[in-house]
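For the sequence shown, this note's numbering gives the first residue as 6, with consecutive numbering after it. By construction, the Cβ of each residue, glycine as well, lies at the ideal position given by its N, Cα and C atoms. The structure presented is a predicted model; accordingly, all values stated were derived computationally and were not measured. Below: the structure, in structure tokens.
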Amino acid sequence: MKTAITRKMHFNAAHRLHNNQWPNIKNAEVFGKCNNALYHGHNYELEIKVIGFTNPETGFVVDVKDLKRIVNEKVIEPFDHKNLNLEVPDFEETIPTVENIARIIYNKIREEISEELDLKITLYETPRNFAEYPA
């Protein structure tokens, strides 16, 4: 039977939802306040769930110290207190919606975690709005 271990972390970041292919009026209609040209910020809450069989020698699915290091290096350091649109290359061509941010975080962590383990990302933009990847 598989077991899931979850690590909770957080970061703060600013962003703007804006599609450069659209006129400003359409961006304002679709994205509303989130299209503010001066940007806006969130206190993101991140849950990283790793699912797999417990190692009989360690009792771990994954060593949480290693998981913390990976998430710090791949997500927290590059995203925390940054303007995602302007300072994070992952969003040069990608609108930083909570869905896209969760997918990008998944891909960054996935490349560091054993293929034998399943991975799920839950990213809270607000206490009531969050994305899960994969769904």
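As for any alpha helix (DSSP H) of minimum length 4 sitting wholly inside the stretch 66-119, the runs are 69-76, 89-92 and 103-115, ordered along the chain. Per DSSP, the unbroken alpha helix (DSSP H) holding phenylalanine 36 starts and ends at 29-36. The beta carbon of isoleucine 110 lies closer than 6 Å to those of Val80 and Ile126 in the same chain, with the five residues before and after it left out. The residue from His20, Tyr49 and Glu34 with its alpha-carbon nearest to that of leucine 43 is His20. In the displayed model, asparagine 48 falls within a strand according to three-state DSSP. In this structure, DSSP gives asparagine 17 an extended state, which the three-state scheme calls strand.
Scanning Pro132, Asp123 and Pro83 for the CA closest to the CA of alanine 9 turns up Asp123. Within the same chain, Cβ atoms closer than 6 Å to the Cβ of threonine 99 are found at Asn105, the five residues on either side in sequence being excluded.
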